[in-house]
Amino acid sequence: EAAFDEPAPTSPTPMSPAPGGPIEGEPPAEFLTDGEVARLVRLDGEVRVVDGHPRFHLPGCPQLVGRADEPLPVAEAVGLGFTPCGRCAPATTLLAEARPR
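If you're matching positions, the sequence shown starts at 1 in our numbering and goes up one per residue.
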């Protein structure tokens with residue numbers, strides 16, 4: 001019989017956005033409607049994230065310079081609570097690339 005005061009085993013999340021408020025020097029989030037978010041999480045695109053920072057980015061975003069960034073599927077980044085960078089606009093770019101031509 002397990003004791004109730006023991007913490008449940010958890011598997012570490014590989015990356016997570018910053019808890020709480022804004023981080024100094026962090027760009028604002030790109031604004032998305034609920035419909036755009038719903039379309040974004042169905043895409044196969046990959047974005048870049050920095051552990052402990054709240055935004056996801058396109059490769060080459062100036063916000064990534066000098067930081068250890070890692071690739072992550074956009075749906076997973078959104079699911080983990082990351083929001084799109086307002087500087088490189090990854091959501092707008094991925095949604096535009098996914099539109100039928």
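Beta carbons are placed, not taken as given, at the ideal position from N, Cα and C, and that holds for glycine.
At what residues does the alpha helix (DSSP H) containing residue i begin and finish?
i: E70; result: First-last for E70: 69–73, but that is the beta strand (DSSP E), not the alpha helix (DSSP H).
i: R39; result: 34–40
i: E97; result: 90–98
DSSP beta-bridge partners for residue i?
i: H57; result: R48
i: P84; result: F56
i: A29; result: C85
Quick check on the burial criterion: 16 or more other C-beta atoms within 10 angstroms. Buried or exposed for residue i?
i: D44; result: exposed
i: A38; result: exposed
i: P54; result: buried
i: F31; result: exposed
i: A77; result: buried
Whole-angstrom Cβ separation of residue i and residue j, contact assumed at under 8 Å?
i: D69; j: R48; result: 4 Å
i: G81; j: A29; result: The Cβ separation is near 11 Å, so there is no contact.
i: V50; j: L64; result: 7 Å
i: L58; j: T83; result: With a Cβ gap of about 14 Å, L58 and T83 do not count as contacting.
i: E36; j: A91; result: 7 Å
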